Structures are given as structure tokens and as C-alpha cells.
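Q:
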Amino acid sequence: MLLIVLISLIAVFGLLSCQQGADRTAEAPVTPHPLFEILPDDVEDPEDNIRTPERIDLGHKLFFEPKLSRSGIISCNSCHVVGAAGVDHRARAIGEGAQVGPRNSPTVFNAAFLKAQFWDGRAATLEEQAKGPIQAHVEMDLTPEEAINRLYNTGYMPYFEAAFPDEEEPLTFENLAKAIAAFERTLLTPGSPFDHYLAGNYEILNDQELRGLSLFQDAGCASCHHGPLLGGNLFMEFSHLGGEDVGRGAITGYPGDQFVFRVAPLRNVALTYPYFHDGSVATLEEAVSIMGHAQLNRDLNEQEVDDIVAFLNTLTGEFPMIAHPSLPRNPPAQRR
């Protein structure tokens, strides 16, 4: 008899729990756009680059390794500072010989979820992207052979052997890129207030943030800024800033791609200033105002801008703790 009572109570409480969950969903003060997604706390690896602790550790070292630049002073972390939301807060990146790059450095955090890398989408994967800056004259300015020789002569061979144990020649430029990409796939920032809202915690956003979310959707921002990153996977024309940078048009040669750039992902956008592909806008308020006029043909008033900015602040997630690694400095006797 006692067992029957317990089963009955469990059934009743289970029904109440389901009803409460349904009510909570129905009571969302602002119904989220159907294309919004909670940011996952992990990302799927490509079949040819499965993460291992050894591969991530090697990539961590390489990301901070200044010997991958001709001067020996610039690393990936110089422009994509993991302690500063993955950016350098410069309008445009500074590379070898104090050369100023053509574009703003995008954040490395959550880049693993992008379908294409760089502002013009010229790299399809993190692995492909990792090769670019090392070889770019205006950035790190090394050939693949120079990069590999430097790593060998600095004592990296044991780390490549551990990261790629089944390969006869593990220290290659291809594996360098794979290791950096493996590390970058750990640079995720889930757990933002907006993620909690999408998960059903409707108390977490205040009135202004809710107004901003509603306006963000109703004004049309979400038509481009959606998915887990709220952007990053579409290309749109953006010639409002002028200049000679034609964006994706320089990659494809297609006239319709002139001044087309990747839509910026908005995760952690409050921390990744300055804004746009040329870094010409210092504040989020100004960026929102410009986008309203240029892309939506709408002149947002001050209150509307403030509300949208308040919502955008809810996209700041939880950053992993990334320390500066100990780098190899034990050169071998001779090149094998």
C-alpha cells in the first residue's frame, strides 16, 4: 500500500513539474527569436584533428610562441589576447616592423563555431586560419620551413611527438596548424545571462535588457545576428565606412561580393572594442547607431540605442582561465 501511495505522489509531482515548465515557457516576457541558440560548452572536432591533452598543450604553447614571428616578439596572443576577450583593442593589428594591418583583429573566443574565418571568409577552418598570420608579411612574416626550423631548434620536437604519436615526421607546418586549432577549440565562453534566459531563466534579464532584446528582434537585427554566436555565419554588404577594402570581393573576384564582409558575431561584444572590420568605431553605442542607419534604414533614438546595448551586454559569457605556458627553450644538438 505504501508503495502505491509513493508512486501516486511521484506521478502527481511529476505532472505538476511538467505543468510548471510549460507555464514558464509560456511566460517568457520576450519570446526569443527561433534562430537564437544557447552557446554550447564544447565543439565537435574534425575527424582529422581529434583533440588530446598533448595536442591542446602543444597548441597552447604555439599560440603564445613569439619565435613564430621574424622578430621573435609577436605571437598569436599579441593580437588575440586571451586575457582581453581575445582581441588587442587596437583599431588595426600591429605586425612585423610595426606595420599596421588592414583590418581589426577579431576575437579568437568561440571562433570554433564559425563557418568561415577572417573578415572576408577566406579560410574555411581553424586549421587553415592558423597558417595565415604566420606567413603574412604584415603580421608574423615567416615561411612554413622557417617556422618549423625555429620550432625544432627551440626544442619543440618532443611536444610534437607526444601530440602526433603515430606520425613518422610529426613536426610539420600542417601539424603546427592542427595543434593551434585544437587549443582554439577550447576557447569557448558559454554561460552568459542570455544563455540562461534561453534555457528558461526568465528572471535573469532586467527590464531594460528585455526592451533591448525585443527591439533587437523587432527592428531586424536578428535577421543577420542569430545562431549560437548571434552572427558570424553570413556575409553582408557593408560599404558605409568607405575606404579601399573591398572585403570578400578581393577573394572571390565576384562583383557582387564587393564590400561584402562576414557578419560580426556578437558574443562578448561589449568587451571586443573597437568595432567593425576596420576598427573605426570605439563604442558599442556608436556601432549600434551606425548599424541601425546603414543596415536597417532606421535612425535609433538614444533610449533605443541604450536598450540594445544593455541587451548586448547580456551576451558576455564565462571565460576560461588561460595562463601563459612554459615555452621550450632547449635546442637540440643538430637538426635531425
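Going by this note's numbering, the letters in the sequence shown line up with residues 539 to 874, in that order.
Idealized CB from N, CA, C, for every residue including glycine.
On a predicted model such as this, the values are computed, not experimentally measured, just so you know.
Would you check if the distance between the CB atom of residue 740 and the CB atom of residue 567 is smaller than 8 Å?
A: yes
Q: Can you list, in chain order, the residues of its chain with a C-beta nearer than 7 Å to that of residue 692? Leave out the 5 residues immediately preceding and following it.
A: 605, 866, 867, 869
Q: Is residue 664 near residue 672, with beta carbons less than 8 Å apart?
A: Contact: no.
Q: Where do the N-terminal and C-terminal ends of the alpha helix (DSSP H) with residue 706 fall, by residue?
A: It is not in any alpha helix (DSSP H) - residue 706 carries neither H nor E in the DSSP assignment.
Q: For residue 602, collect the residues of the same chain with a Cβ closer than 8 Å to its Cβ; drop the 5 residues on either side in sequence, then sort them by chain order.
A: 613, 614, 615, 862, 863, 865
Q: Quick one: residues in its chain with C-beta nearer than 6 Å to the C-beta of residue 661, no 5 flanking neighbours on either side, listed in chain order?
A: 655, 667
Q: Just tell me which of 748, 857, 793, 790 has its CA closest to the CA of residue 569.
A: 748
Q: Report the partner residues of residue 813 according to the DSSP bridge assignment.
A: 819
Q: Let me make sure I understand the geometry here. Which of 806, 626, 582 has the alpha-carbon closest to that of residue 650?
A: 582
Q: In terms of alpha-carbon separation, which member of 789, 845, 767, 609 lies closest to residue 578?
A: 767
Q: Tell me which residue opens and which closes the beta strand (DSSP E) that residue 773 is part of.
A: 773-775
Q: Could you check whether the Cβ of residue 856 sits closer than 7 Å to any heavy atom belonging to the ligand SAH?
A: In terms of ligand content, the structure shown is empty, and the ligand SAH therefore cannot be addressed.
Q: Along the chain, where does the beta strand (DSSP E) that runs through residue 799 open and close?
A: 798-800
Q: Alpha carbon to alpha carbon, what distance is there between residue 856 and residue 840?
A: 29 Å
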